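Novice: Below you will find the structure I want to go over with you.
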Amino acid sequence: SQTIHQWPATLVQPVGSPLSLECTVEGTSNPNLYWYRQAAGRGLQLLFYSVGIGQISSEVPQNLSASRPQDRQFILSSKKLLLSDSGFYLCAWSDRLRSGGKLFFGSGTQLSVL
Amino acid sequence: GENVEQHPSTLSVQEGDSAVIKCTYSDSASNYFPWYKQELGKRPQLIIDIRSNVGEKKDQRIAVTLNKTAKHFSLHITETQPEDSAVYFCAAPYRDDKIIFGKGTRLHILP
Chain V
8 SQTIHQWPAT LVQPVGSPLS LECTVEGTSN PNLYWYRQAA GRGLQLLFYS
58 VGIGQISSEV PQNLSASRPQ DRQFILSSKK LLLSDSGFYL CAWSDRLRSG
108 GKLFFGSGTQ LSVL
Chain X
168 GENVEQHPST LSVQEGDSAV IKCTYSDSAS NYFPWYKQEL GKRPQLIIDI
218 RSNVGEKKDQ RIAVTLNKTA KHFSLHITET QPEDSAVYFC AAPYRDDKII
268 FGKGTRLHIL P
């Protein structure tokens, strides 16, 4: 069966510090991968998605970036965090061919930028 | 543009009554419409979904209806229970498997 791992679960970072969040998927190949951000009490904002290695589509460039160095690994990064980067970050995967677009989410990272 | 409108943003219903949440999408090529439930501090979980070749789908107390002509789909929860209290999100896919979510509906089940 497929599983998705996302870490860390909680992160407290000072303004201006770098960020690296990692997500890996097991049990499938060539998944679509997504990063969403959820501000407190708000909706799911799509940040990046990838349909293959090295293919990254950016929805909210700003000071965040994403990379997909391996088929089932998706990394969200920032060189300098802003206060507004605080939120709940969710990685997700889907397999359009096998599961028709269903999204499966990781357990999320609660990021607090102070 | 690529957008999913979801209403209402907050909904309070008496326990045992029904709840209906509606979403509208903009891309007529969208062909898959899921609903997710998110409890506080947890990840969204898929609760029901529907494909564009079907008008309605039911799973016990929840159902989803789709009107492709009007480009809207709805979540129906009957005989609501306290554990139905959560935030519900609809979503729709756009080009290149880009999946856009509605802004969410906070559902309160009143005792």
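Protein chains in written order, with the numbering used here: chain V, 8 to 121; chain X, 168 to 278. Just so you know, even glycine gets a beta-carbon here, dropped at the ideal spot from N, CA and C. Predicted, not measured: the structure shown is a model, and the values here were computed from it.
1) Among 276/X, 266/X, 257/X and 272/X, which one has its Cα closest to the Cα of residue 48/V?
2) Using a Cβ distance threshold of 8 Å, determine whether the segment 213 to 222 of chain X contacts the segment 195 to 203 of chain X, with at least three qualifying pairs required.
3) Cα separation between residue 44/V and residue 73/V?
4) If we define contact as Cβ-Cβ less than 9 Å, is residue 181/X a contact residue for chain V?
5) Does the beta carbon of residue 41/V come closer than 9 Å to any beta carbon on chain X?
6) Against residue 53/V, what residues of chain X qualify as contacts under a CB-to-CB distance less than 8 Å, listed in chain order?
7) Please compile the residues from chain X whose C-beta is within a distance smaller than 9 Å of the C-beta of residue 56/V.
8) Do residue 194/X and residue 247/X have their C-beta atoms within less than 9 Å of each other?
9) Determine whether the beta carbon atoms of residue 9/V and residue 30/V lie at a separation below 9 Å.
10) Using a cut-off of 7 Å between C-beta atoms, extract the partners of residue 216/X located in chain V.
11) Out of 91/V, 46/V and 37/V, which has the shortest C-alpha to C-alpha gap to residue 75/V?
12) Under 9 Å, CB to CB, which of the residues in the segment 201 to 231 of chain X have a partner in chain V?
13) From the DSSP output, read off the bridge partner residues of residue 177/X.
14) Can you find a C-beta in chain C that's less than 9 Å from the C-beta of residue 117/V?
15) Which residues of chain V have a Cβ atom closer than 9 Å to the Cβ of residue 256/X, listed in chain order?
16) Do you know how far the Cα of residue 87/V is from the Cα of residue 260/X?
17) If contacts are defined as beta-carbon pairs under 8 Å, then residue 170/X and residue 266/X qualify, I think. What distance do you get, rounded to the angstrom?
18) Taking residue 236/X as the reference, which of 186/X, 196/X, 229/X and 250/X has the closest Cα?
19) Run the CB neighbour count on residue 269/X, radius 10 Å, all protein chains shown included, and call it buried at 16 or more, exposed below.
20) Using the Cβ count rule (16 or more neighbours within 10 Å means buried), how would you classify residue 77/V?
21) Measuring alpha carbon to alpha carbon, tell me which of 230/X, 222/X and 240/X ends up nearest residue 192/X.
22) DSSP on residue 90/V, reduced to helix/strand/coil?
Specialist: A quick look at the data gives this:
1) 272/X
2) yes
3) 13 Å
4) no
5) yes
6) 265, 266, 267 and 268
7) 263, 264, 265 and 266
8) no
9) no
10) 109
11) 37/V
12) 201, 203, 205, 208, 209, 210, 211, 212, 213, 216 and 218
13) 273/X
14) This model lacks chain C altogether; the protein chains it does include are V and X.
15) 50 and 51
16) 31 Å
17) The pair is not a contact, with the Cβ atoms about 13 Å apart (cut-off 8 Å).
18) 196/X
19) buried
20) exposed
21) 240/X
22) helix
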